[in-house]
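Per the UniProt record's numbering, the sequence shown starts with residue 14, numbered consecutively.
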Amino acid sequence: DTTVFKFYSDGEWKKSTSGKLVSIINPTTRKTQYKVQACTQEEVNKIIEAAKTAQKPWAKTPLWKRAELLHKAAAILKEHRAPIAECLVKEIAKPAKDAVTEVVRSGDLVSYCAEEGVRILGEGKFLVSDSFPGNERTKYCLTSKIPLGVVLAIPPFNYPVNLAVSKIAPALIAGNSIVLKPPTQGAVAALHMVHCFHLAGFPKGLISCVTGKGSEIGDFLTMHPGVSCISFTGGDTGIAISKKAGMIPLQMELGGKDACIILEDGDLDLAAANIIKGGFSYSGQRCTAVKVILIMESVADTLVEKVKAKVAKLTVGPPEDDCDITPVVTESSANFIEGLVMDAKQKGATFCQEYKREGNLIWPLLLDNVRPDMRIAWEEPFGPVLPVIRINSIEEAIHHSNASNFGLQGCIFTRDINKAILISDAMETGTVQINSAPARGPDHFPFQGLKDSGIGSQGITNSINMMTKIKSTVINLP
Ligand code: G3H
């Protein structure tokens, strides 16, 4: 059966001894598209053992050789962009062109990571003792960066390939081994990506990909004593993981409620274009999506009209046709989004378009005159519905943005750079974009969330550093 996929362990493709499979439902057809193995805890144990064994010689493999293999994997990944993109279309309803972009971006990320790794891991520090009071120059300290061991990578459904390689590549270049647990929606795209690493010729056991039910292997993986680091991107599960995980480094990117603040002097055409791109790309299913518009009352009508005109031009339909708005990932997600919309309706929000839904497909919707008592003012829809809150001062905008339990990104539209910097400083988010929509990339930029939006910082350089430890050797002179 070509729709059933094996998991990857110790350099081989295997069926689970559980004899059970997990179904992947196509969000567009709402029918089973693929099936993956429901792995057992015993299989997880074997994978982690193999990862521990493979990591030791890998850490001693010359850095340039590790980089060479990563470059090879990146090239193979790009060659395989069409079939991987096809999986993304079928599993997560990503628009066809965006699906290809995700794979190409992933190849570029892997190559950049190899280059950055040889630079930053190729350097250490040399310190002398007599700069600290009371010391003579009798001690020389040499530092280098050493790997952590086994890195557990858990990417989300919205970038099953890109947010997997953004964890895999830094881990590998730094000398770690990798255990990947892909999301169910997107698992086949991730398995295909892993196949590219397999073809590149990485040692057996160094990379594994375990599929299955979170209820069976989720906690077992994240609490496993063989795991030395967890890099997770996703939702609330990350908070639960961080409470249960052992004393190991964690890298977490959770949700966001990114605000788009528009001042009176902002370029409203630029803001409207960025609201469309930021709010509706991949139907709003991005952690960095614009999730609330905070607009000065005096320019609100004009801005809303501009955004409405652009929303009317968005194409709605299947991802195969490369429509702008495609079905959201699951029926429960669509139901959740609908719940937020109905709450806003009941509490008096102005609907700029008619609310329309067919199956998992929700038409783009702008909700004006949203007030803080509405759930959509605070909650993350992860769908193509966008609230507008009218404000009367900069302080009000900052207050609303900072009252969120999230703190991923935010953006400001103004022609006054001084105001922009002051607002950026006041916003409690990991990144603030001036005159553009929030975004993670370019992928070497630091990427981090404050508060419930995450732990640690990502971006290629930060991820490599996070997946290493400093090791010192001190030479004591007689
Ligand atoms: O969904 C979370 C991603 O990190 C967002 O990445 O800004 O490239 O869409 P993006």
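Note that CB positions come from ideal geometry on N, CA and C, so glycine has one too.
Given the structure is predicted, the values throughout are model-derived calculations rather than measurements.
Taking 8 Å as the cut-off, is the beta-carbon of residue 294 closer than that to any non-hydrogen atom of the ligand G3H?
yes
Straight-line CA distance for residue 69 to residue 351?
50 Å
Entirely within the segment 177-242 and at least 4 residues each: give me those alpha helix (DSSP H) ranges in chain order.
200-213 and 232-235
Residue 484 versus residue 137: straight-line alpha-carbon distance, rounded
10 Å
Alpha carbon of residue 416 to alpha carbon of residue 442, nearest angstrom:
11 Å
Compare the C-alpha of residue 230 against each of 192, 25 and 66 and name the closest.
192
Considering only the beta carbon of each residue, do residue 447 and residue 425 sit closer than 9 Å?
yes
Only counting runs of 3 or more residues, tell me where the beta strand (DSSP E) segments fall wholly within the segment 393-417, in order along the chain.
398-404
DSSP three-state label for residue 7, please.
An answer regarding residue 7 cannot be provided, because it is not within the stretch 14 to 491 covered by the chain.
Leaving out five residues before and five after residue 255 in sequence, what residues of the same chain have Cβ atoms less than 7 Å from its Cβ?
263, 265 and 468
Is the beta carbon of residue 67 closer than 9 Å to that of residue 217?
yes
For residue 166, which beta-bridge partners are listed by DSSP?
193 and 244
Give the straight-line distance between the Cα atoms of residue 315 and residue 130, rounded to the nearest whole angstrom.
The straight-line gap separating the alpha-carbon atoms of residue 315 and residue 130 is approximately 48 Å.
Does the beta-carbon of residue 266, which I'm using as the reference point, lie nearer than 8 Å to any heavy atom of the ligand G3H?
yes
Reducing DSSP to helix, strand and coil, say where residue 295 ends up.
helix
For residue 451 and residue 33, what's the separation of their Cα atoms in angstroms?
41 Å
Please report the residue range of the beta strand (DSSP E) in which residue 271 lies.
271-275
Excluding sequence positions up to five away, which residues of its chain have a Cβ less than 7 Å from the Cβ of residue 100?
201, 202 and 205
Between residue 397 and residue 158, what straight-line distance do the alpha-carbon atoms span, to the nearest angstrom?
43 Å
Residue 377 burial status per 10 Å Cβ neighbour count (16 or more: buried):
buried
Find out if the Cβ-Cβ distance for the pair residue 358, residue 349 is shorter than 9 Å.
no
Could you name the residues that DSSP lists as bridge partners for residue 485?
Note: residue 485 sits in a beta bridge opposite 156.
Can you grab the Cα-Cα spacing for the pair residue 389 / residue 383, in whole Å?
Spanning the two alpha carbons is a distance of roughly 8 Å.
To the nearest whole angstrom, what separates the beta carbons of residue 278 and residue 428, a pair I think is in contact under 8 Å?
5 Å
To which residues of the same chain is residue 212 closer than 6 Å at the C-beta, ignoring the five residues directly before and after it?
89
Cβ neighbours of residue 313 in the same chain (closer than 6 Å, five flanking residues each side left out):
Excluding positions up to five away in sequence, the list reads 403.
Nearest chain D C-beta to residue 289 closer than 9 Å, yes or no?
Here there is only one protein chain, and chain D is not present.
Which complete beta strand (DSSP E) runs does the segment 333-400 hold, if anything under 3 residues is left out?
Within the segment 333-400, the complete beta strand (DSSP E) runs of at least 3 residues are 378-381.
Less than 8 Å between C-beta atoms, sequence neighbours within five positions excluded: which residues of the same chain meet that for residue 282?
319
What is the DSSP secondary structure of residue 172, reduced to helix, strand or coil?
coil
Kindly examine the ligand G3H and report whether one of its heavy atoms sits closer than 8 Å to the Cβ of residue 126.
no
With a 10 Å radius around its C-beta and 16 neighbouring C-beta atoms as the bar for buried, classify residue 43 as buried or exposed.
exposed
Spatial neighbours of residue 317 in its chain, beta-carbon cut-off 8 Å, leaving aside the 5 residues before and after
308, 365, 379, 381 and 401
Using 9 Å as the threshold, is the C-beta distance between residue 261 and residue 274 below it?
no
How many angstroms separate the CA atom of residue 322 from the CA atom of residue 369?
Distance between the alpha carbons of residue 322 and residue 369: 17 Å.
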